[in-house]
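K.L.:
So the protein lines, in turn, are chains A and V.
Read left to right, the first sequence gives residues 36 to 495 (this note's numbering).
Read left to right, the second sequence gives residues 36 to 495 (this note's numbering).
We treat Cβ as the ideally placed atom computed from N, Cα and C, and that holds for glycine.
No experiment lies behind these values; they were computed from the predicted model shown.
There are 2 protein chains.
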Amino acid sequence: MVLRVAVVGGGAAGMSAASRVKRLLGDKAEVIVFERGNWVSFALCGTPYYVGFRVKRLEELLHYPLSEFTEKRGIRVKLGSEVVEIDADSRRLFYQEKGGGNGYYDYDYLVLATGARPRIPVAWREFLGYKNFFTLHSLDDAERIRSYVSDSGVKHVVIVGDGYISFELADNIQQLGRKVTIVGKHRYPLYKAFDDDMSSYILQLLEANGLTMRLGQPAETFEADSDKVTRVVLSSGDSIEADAFIVATGIEPETVLARKAGLRIGETGAIWVNEYLQTSSSEIYAVGDSVETVDIVTGRRVWAPLAPPANKMGYVAGSNIAGARIRFPGVARTSVTAAFGVFFASTGLTEREAIAMGYKVAAAKVEAYTKARYIDGGGKRIVIKLLADSSTGKLLGAQAIGDESAFWRINIVATLLMKGATVWDLFFNDIGYMPLTNPVWDPLTVAARLLLRQLGLSPD
Amino acid sequence: MVLRVAVVGGGAAGMSAASRVKRLLGDKAEVIVFERGNWVSFALCGTPYYVGFRVKRLEELLHYPLSEFTEKRGIRVKLGSEVVEIDADSRRLFYQEKGGGNGYYDYDYLVLATGARPRIPVAWREFLGYKNFFTLHSLDDAERIRSYVSDSGVKHVVIVGDGYISFELADNIQQLGRKVTIVGKHRYPLYKAFDDDMSSYILQLLEANGLTMRLGQPAETFEADSDKVTRVVLSSGDSIEADAFIVATGIEPETVLARKAGLRIGETGAIWVNEYLQTSSSEIYAVGDSVETVDIVTGRRVWAPLAPPANKMGYVAGSNIAGARIRFPGVARTSVTAAFGVFFASTGLTEREAIAMGYKVAAAKVEAYTKARYIDGGGKRIVIKLLADSSTGKLLGAQAIGDESAFWRINIVATLLMKGATVWDLFFNDIGYMPLTNPVWDPLTVAARLLLRQLGLSPD
Numbered sequence: 036m037v038l039r040v041a042v043v044g045g046g047a048a049g050m051s052a053a054s055r056v057k058r059l060l061g062d063k064a065e066v067i068v069f070e071r072g073n074w075v076s077f078a079l080c081g082t083p084y085y086v087g088f089r090v091k092r093l094e095e096l097l098h099y100p101l102s103e104f105t106e107k108r109g110i111r112v113k114l115g116s117e118v119v120e121i122d123a124d125s126r127r128l129f130y131q132e133k134g135g136g137n138g139y140y141d142y143d144y145l146v147l148a149t150g151a152r153p154r155i156p157v158a159w160r161e162f163l164g165y166k167n168f169f170t171l172h173s174l175d176d177a178e179r180i181r182s183y184v185s186d187s188g189v190k191h192v193v194i195v196g197d198g199y200i201s202f203e204l205a206d207n208i209q210q211l212g213r214k215v216t217i218v219g220k221h222r223y224p225l226y227k228a229f230d231d232d233m234s235s236y237i238l239q240l241l242e243a244n245g246l247t248m249r250l251g252q253p254a255e256t257f258e259a260d261s262d263k264v265t266r267v268v269l270s271s272g273d274s275i276e277a278d279a280f281i282v283a284t285g286i287e288p289e290t291v292l293a294r295k296a297g298l299r300i301g302e303t304g305a306i307w308v309n310e311y312l313q314t315s316s317s318e319i320y321a322v323g324d325s326v327e328t329v330d331i332v333t334g335r336r337v338w339a340p341l342a343p344p345a346n347k348m349g350y351v352a353g354s355n356i357a358g359a360r361i362r363f364p365g366v367a368r369t370s371v372t373a374a375f376g377v378f379f380a381s382t383g384l385t386e387r388e389a390i391a392m393g394y395k396v397a398a399a400k401v402e403a404y405t406k407a408r409y410i411d412g413g414g415k416r417i418v419i420k421l422l423a424d425s426s427t428g429k430l431l432g433a434q435a436i437g438d439e440s441a442f443w444r445i446n447i448v449a450t451l452l453m454k455g456a457t458v459w460d461l462f463f464n465d466i467g468y469m470p471l472t473n474p475v476w477d478p479l480t481v482a483a484r485l486l487l488r489q490l491g492l493s494p495d
Numbered sequence: 036m037v038l039r040v041a042v043v044g045g046g047a048a049g050m051s052a053a054s055r056v057k058r059l060l061g062d063k064a065e066v067i068v069f070e071r072g073n074w075v076s077f078a079l080c081g082t083p084y085y086v087g088f089r090v091k092r093l094e095e096l097l098h099y100p101l102s103e104f105t106e107k108r109g110i111r112v113k114l115g116s117e118v119v120e121i122d123a124d125s126r127r128l129f130y131q132e133k134g135g136g137n138g139y140y141d142y143d144y145l146v147l148a149t150g151a152r153p154r155i156p157v158a159w160r161e162f163l164g165y166k167n168f169f170t171l172h173s174l175d176d177a178e179r180i181r182s183y184v185s186d187s188g189v190k191h192v193v194i195v196g197d198g199y200i201s202f203e204l205a206d207n208i209q210q211l212g213r214k215v216t217i218v219g220k221h222r223y224p225l226y227k228a229f230d231d232d233m234s235s236y237i238l239q240l241l242e243a244n245g246l247t248m249r250l251g252q253p254a255e256t257f258e259a260d261s262d263k264v265t266r267v268v269l270s271s272g273d274s275i276e277a278d279a280f281i282v283a284t285g286i287e288p289e290t291v292l293a294r295k296a297g298l299r300i301g302e303t304g305a306i307w308v309n310e311y312l313q314t315s316s317s318e319i320y321a322v323g324d325s326v327e328t329v330d331i332v333t334g335r336r337v338w339a340p341l342a343p344p345a346n347k348m349g350y351v352a353g354s355n356i357a358g359a360r361i362r363f364p365g366v367a368r369t370s371v372t373a374a375f376g377v378f379f380a381s382t383g384l385t386e387r388e389a390i391a392m393g394y395k396v397a398a399a400k401v402e403a404y405t406k407a408r409y410i411d412g413g414g415k416r417i418v419i420k421l422l423a424d425s426s427t428g429k430l431l432g433a434q435a436i437g438d439e440s441a442f443w444r445i446n447i448v449a450t451l452l453m454k455g456a457t458v459w460d461l462f463f464n465d466i467g468y469m470p471l472t473n474p475v476w477d478p479l480t481v482a483a484r485l486l487l488r489q490l491g492l493s494p495d
């Protein structure tokens with residue numbers, strides 16, 4: 036008997052699950068992917084680089100061409116097919132096709148990989164009809180933005196939103212010779228992943244690169260003439276005129292289908308799953324940006340829509356459907372962005388979050404050079420902030436700004452967070468050294484030493 | 036009463052211990068450093084870059100100028116003073132000064148930081164008198180080598196030895212326009228830290244950069260005319276003519292003083308210390324390249340003379356002398372070198388070592404790109420080899436070759452080794468992702484996935 040597996044959503048997590056089932060079961064499984072859009076396995080994270088022409092063709096943003104899945108891996112893919120209802124009791128899903136047809140499919144297992152959608156105020160939706168007003172949540176969006184902003188008539192682009200994608204877009208659009216203004220509601224950029232003291236460095240760096248920032252004044256609404264949006268109006272009453280507007284005010288989990296199917300929605304508003312990634316209906320798994328998981332640092336449920344865990348969730352769900360019993364352990368919420376050649380990376384809790392959760396927090400901040408002092412003047416500057424629970428010495432999080440090594444140093448802290456490690460573990464961590472890679476007292480080790488002192492765990 | 040602390044050896048580990056005692060005890064301690072050479076706190080790792088003129092002045096290789104220690108930190112430093120005997124029972128040391136004087140000092144605590152010395156066959160010592168025959172183990176050696184090989188009469192330099200320093204030197208000497216030949220006894224370079232399958236990549240890379248390698252044929256002896264060494268003779272009978280010869284056949288712990296003082300020498304041949312870094316005489320601590328420590332991966336005693344642990348040992352010993360009780364946990368033996376812009380990094384056991392120790396080893400090797408495929412053609416190539424104990428899934432070690440990110444990825448494995456982690460921990464490790472830093476399935480995660488399959492821990 037052939038196992039019938041349906042996957043709803045052809046993003047990275049969904050295709051990862053589909054591939055895994057086929058790989059493990061081969062002809063013993065029929066795997067069918069329903070994707071309402073035109074692409075599968077696309078790299079949304081790459082779209083800013085498409086806008087800036089660093090990526091030339093849209094097809095390059097596909098992790099794999101469609102034929103890799105259909106021909107090589109034997110997965111059936113239905114593009115332009117939207118699943119509109121799931122009957123969990125009878126294990127049947129209903130779908131509608133763009134062309135107008137519709138149908139149903141009886142599954143043994145289903146994987147929900149519906150992803151996330153842009154979170155845009157209802158009042159702004161009317162502007163989505165204008166040709167110079169954009170969100171960036173699909174390859175088609177990227178195509179529209181690029182073809183519009185690369186037109187020589189566009190001189191000034193406003194990006195609304197102060198998250199990762201805004202700065203990557205801003206960098207790329209400036210490369211096209213356009214002036215860019217970012218409008219954000221928080222006083223400092225990248226609020227979710229960085230404390231204000233760190234974000235203030237980021238702010239300086241971005242401004243030094245010619246980016247205009249209007250922060251602490253959320254966008255209220257827009258003004259438009261007959262065919263174009265002409266200005267964004269801020270809460271302060273100020274308004275900014277521009278030729279194009281991109282709204283990147285965040286995303287939210289796509290849970291409509293899950294709610295309709297009666298699946299449990301977690302405290303975070305994303306789909307609840309157990310550690311095997313099963314929803315409240317045990318034949319339905321859910322993976323990727325639509326589900327919540329566990330924050331390893333706090334043990335709490337968290338919604339952390341990031342690509343690497345999404346892909347690994349696909350691996351886990353697919354394996355489990357094929358008969359394995361693999362647990363997804365959770366995440367440290369490690370994230371990174373880059374603009375103008377500077378990398379901004381973060382893992383675990385910010386100080387702000389940790390305090391809000393009731394932790395007694397000790398913090399240390401180090402400004403240092405990335406290399407031995409006698410090599411190229413010490414390399415680049417790096418700033419690292421390190422946080423620990425002052426009652427236990429357990430690491431809580433870290434943030435870093437600098438060259439690519441800032442990202443890697445944060446990954447080392449993330450590794451320790453995943454293992455529940457302490458500041459001592461970071462201090463004694465045996466990372467390598469040679470003059471071309473780092474100083475013998477790596478900035479990370481120095482940060483740990485400083486934090487030990489803050490904690491009173493070391494004699495001074 | 037003032038605590039009297041003597042430090043024998045002014046290298047990084049010794050100065051780290053000295054600084055720590057002074058920092059914690061201030062005027063309550065007298066700290067005196069006996070250094071037989073002319074420098075303290077020098078960065079031997081930087082000497083190849085001095086030879087290649089990437090570092091211009093020798094003084095740049097000092098972590099700190101002498102005055103930082105003497106004036107700012109209040110440490111007494113006796114340069115050109117060699118400690119020749121320690122009477123552990125009466126806590127008295129005897130020293131001789133270069134100028135001819137001698138004296139003794141009564142200590143409450145002593146820190147042995149005698150470091151390591153070049154391991155050079157007895158039969159070759161006669162050649163040390165020749166002006167074109169060198170070892171590289173001090174700043175003065177670096178000065179001699181640079182001034183000799185940068186003379187336009189020198190066309191060809193032979194480096195005997197196939198360890199880290201040889202390749203760093205070779206790179207730098209080639210920068211000066213000299214031909215360089217490396218003579219090594221193993222069939223592949225970097226034998227200690229890399230398995231043959233990985234070293235064969237290194238070999239290709241080095242040869243592609245114009246380096247001549249004569250491997251698998253140890254140097255037997257040298258030939259000389261009246262004032263110069265003229266050729267090295269290999270075990271095969273072949274000989275190679277050159278204008279200068281640098282012997283870098285490794286180092287050994289400097290234990291003469293410790294042995295004379297009756298201190299316990301460990302099974303590795305280095306000075307035995309407990310986890311607080313006390314020798315068998317509890318008022319005598321020992322730190323740095325002359326002591327053995329614990330290999331975290333195997334739990335065995337190991338001699339691992341590397342700069343970061345040496346510095347941390349100084350911190351631990353200094354703190355403990357000042358009244359703390361800090362344990363030095365051991366090392367993963369993480370190491371890295373670079374030549375011609377390629378980085379070679381390693382941590383934990385090699386497959387060869389693991390098999391010799393009786394482990395049942397599973398190995399996975401991945402060749403991949405360092406970035407998202409659509410960014411700059413995927414960035415650079417990287418090769419990662421990952422090892423685990425096939426009975427427990429515990430990580431045993433890793434090796435990587437590539438751009439600087441190869442080094443950082445090895446540090447992530449090192450971090451996991453320090454925590455006794457498994458391949459699953461590496462697979463689920465929450466390292467960050469964005470297109471400019473890595474692929475969404477990082478090569479490290481892919482290596483873990485492959486290794487899970489080897490181990491039979493994952494269903495396929």
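Any beta-carbon of chain A closer than 8 Å to the one on residue 84 (chain V)?
P.N.:
Closer than 8 Å: yes.
K.L.:
Using a Cβ-Cβ cutoff of 9 Å, what residues of the stretch 293-319 of chain A are near chain V? List them in chain order.
P.N.:
Answer set for the stretch 293-319 of chain A: empty.
K.L.:
Alpha carbon to alpha carbon, how far is residue 295 (chain V) from residue 470 (chain A)?
P.N.:
Spanning the two alpha carbons is a distance of roughly 35 Å.
K.L.:
Would you please verify whether the beta carbon of residue 89 (chain A) is less than 8 Å from any beta carbon of chain V?
P.N.:
Taking Cβ atoms only, chain V reaches closer than 8 Å to residue 89 (chain A), which makes this a yes.
K.L.:
Any idea what DSSP makes of residue 185 (chain A), helix, strand or coil?
P.N.:
Residue 185 (chain A): coil per DSSP, three-state reduction.
K.L.:
Between the alpha carbons of residue 451 (chain A) and residue 249 (chain A), how many angstroms are there, rounded?
P.N.:
If I take the Cα positions, the gap works out to 36 Å.
K.L.:
Determine the direct distance from the alpha carbon of residue 383 (chain A) to that of residue 209 (chain A), and round the result to whole angstroms.
P.N.:
So the alpha carbons of these two residues sit roughly 31 Å apart.
K.L.:
Inspect the beta-carbon positions of residue 422 (chain A) and residue 389 (chain A) and report whether they are closer than 8 Å.
P.N.:
Cβ distance < 8 Å, so residue 422 (chain A) and residue 389 (chain A) count as in contact.
K.L.:
Can you pull the chain A neighbours of residue 370 (chain V), defined as C-beta to C-beta under 7 Å?
P.N.:
Under the 7 Å cutoff, chain A gives 467.
K.L.:
Need the endpoints of the beta strand (DSSP E) that residue 340 (chain V) sits in, please.
P.N.:
Here residue 340 (chain V) belongs to no beta strand (DSSP E), and DSSP marks it neither H nor E.
K.L.:
Using DSSP with H/G/I as helix, E/B as strand and the rest coil, what is residue 461 (chain A)?
P.N.:
Correct three-state label for residue 461 (chain A): helix.
K.L.:
Is the beta carbon of residue 76 (chain A) closer than 8 Å to that of residue 47 (chain A)?
P.N.:
Yes, these two residues count as a Cβ contact at 8 Å.
K.L.:
Pick helix, strand or coil for residue 64 (chain A), following the three-state DSSP scheme.
P.N.:
If DSSP states are grouped into helix, strand and coil, residue 64 (chain A) belongs with the strands.
K.L.:
Taking Cβ-Cβ distances shorter than 8 Å, what residues in chain A pair up with residue 346 (chain V)?
P.N.:
Within chain A, the residues near residue 346 (chain V) are 475, 476.
K.L.:
Can you name the start and end residues of the alpha helix (DSSP H) that residue 480 (chain V) belongs to?
P.N.:
Note, residue 480 (chain V): alpha helix (DSSP H), 478-490.
K.L.:
Pick from A:120, A:279, A:142, A:204: whose alpha carbon is nearest that of residue 298 (chain A)?
P.N.:
The shortest Cα separation from residue 298 (chain A) among A:120, A:279, A:142, A:204 belongs to A:120.
K.L.:
Along the chain, where does the beta strand (DSSP E) that runs through residue 235 (chain A) open and close?
P.N.:
Counting along the chain, residue 235 (chain A) falls outside any beta strand (DSSP E), though it belongs to the alpha helix (DSSP H) covering 231-243.
K.L.:
Compute the Euclidean distance between the alpha carbons of residue 137 (chain V) and residue 116 (chain V), then round it to the nearest angstrom.
P.N.:
Whole-angstrom Cα-Cα distance: 8 Å.
K.L.:
Within 8 Å, do at least three Cβ pairs link the stretch 156-165 of chain V to the stretch 340-350 of chain V?
P.N.:
As far as the Cβ criterion goes, the stretch 340-350 of chain V does not touch the stretch 156-165 of chain V, which means the pair count is below three.
K.L.:
So if I threshold CB-CB distances at 9 Å, which residues from the stretch 429-442 of chain V count as touching chain B?
P.N.:
Annotation note: the requested chain B is absent from the structure, which comprises protein chains A and V.
K.L.:
Going along chain V in order, which residues have a C-beta closer than 8 Å to the C-beta of residue 407 (chain A)?
P.N.:
78, 80, 81, listed in chain order.
K.L.:
Can you pull the DSSP bridge partners for residue 402 (chain A)?
P.N.:
According to DSSP, which records beta bridges pairwise, residue 402 (chain A) is partnered with A:418.
K.L.:
Around the C-beta of residue 360 (chain A), are 16 or more other C-beta atoms found within 10 angstroms, so that it is buried, or is it exposed?
P.N.:
Residue 360 (chain A) is exposed by the Cβ-count criterion.
K.L.:
Can you tell me which of A:221, A:92, A:412 puts its alpha carbon nearest to the alpha carbon of residue 270 (chain A)?
P.N.:
Of A:221, A:92, A:412, the residue nearest in Cα terms is A:221.
K.L.:
Do the stretch 179-190 of chain V and the stretch 63-71 of chain V make contact, defined as three or more Cβ pairs closer than 8 Å?
P.N.:
The stretch 179-190 of chain V, when compared against the stretch 63-71 of chain V, does not touch it at the 8 Å Cβ threshold.
K.L.:
Starting from residue 248 (chain A), trace the beta strand (DSSP E) both ways and give me its first and last residue.
P.N.:
Residue 248 (chain A) -> beta strand (DSSP E) spans 247-250.
K.L.:
Since residue 264 (chain V) contacts residue 162 (chain V) with CB under 8 Å, what's their CB separation in whole angstroms?
P.N.:
About 6 Å separates the two Cβ atoms, so the contact holds.
K.L.:
Residue 177 (chain V) to residue 130 (chain V), Cα distance in whole Å?
P.N.:
Looking at the two C-alpha atoms, the distance is approximately 27 Å.
K.L.:
In angstroms with no decimal places, state the Cα-to-Cα distance between residue 72 (chain A) and residue 228 (chain V).
P.N.:
Looking at the two C-alpha atoms, the distance is approximately 50 Å.
K.L.:
Under a CB-based cut-off of 8 Å, is residue 385 (chain V) close to chain A?
P.N.:
It does not; no Cβ of chain A falls within 8 Å.
K.L.:
Distance check for residue 192 (chain V) and residue 214 (chain V), CA to CA, integer angstroms please.
P.N.:
Cα to Cα, residue 214 (chain V) sits roughly 6 Å from residue 192 (chain V).
K.L.:
Just confirm the distance between the C-beta atoms of residue 82 (chain V) and residue 101 (chain V), as a whole number of angstroms; I'd bet it's less than 8 Å.
P.N.:
At roughly 19 Å, the Cβ-Cβ gap does not stay under 8 Å, so residue 82 (chain V) and residue 101 (chain V) are not in contact.
K.L.:
Grab the span of the beta strand (DSSP E) containing residue 259 (chain A) for me, first residue to last.
P.N.:
Here the beta strand (DSSP E) through residue 259 (chain A) covers 254-259.
K.L.:
With H, G and I counted as helix, E and B as strand and the rest as coil, what does DSSP make of residue 207 (chain V)?
P.N.:
Helix, per DSSP.
K.L.:
Output the distance between the C-alpha atoms of residue 329 (chain A) and residue 417 (chain V), rounded to the nearest integer angstrom.
P.N.:
The straight-line gap from Cα to Cα measures roughly 32 Å.
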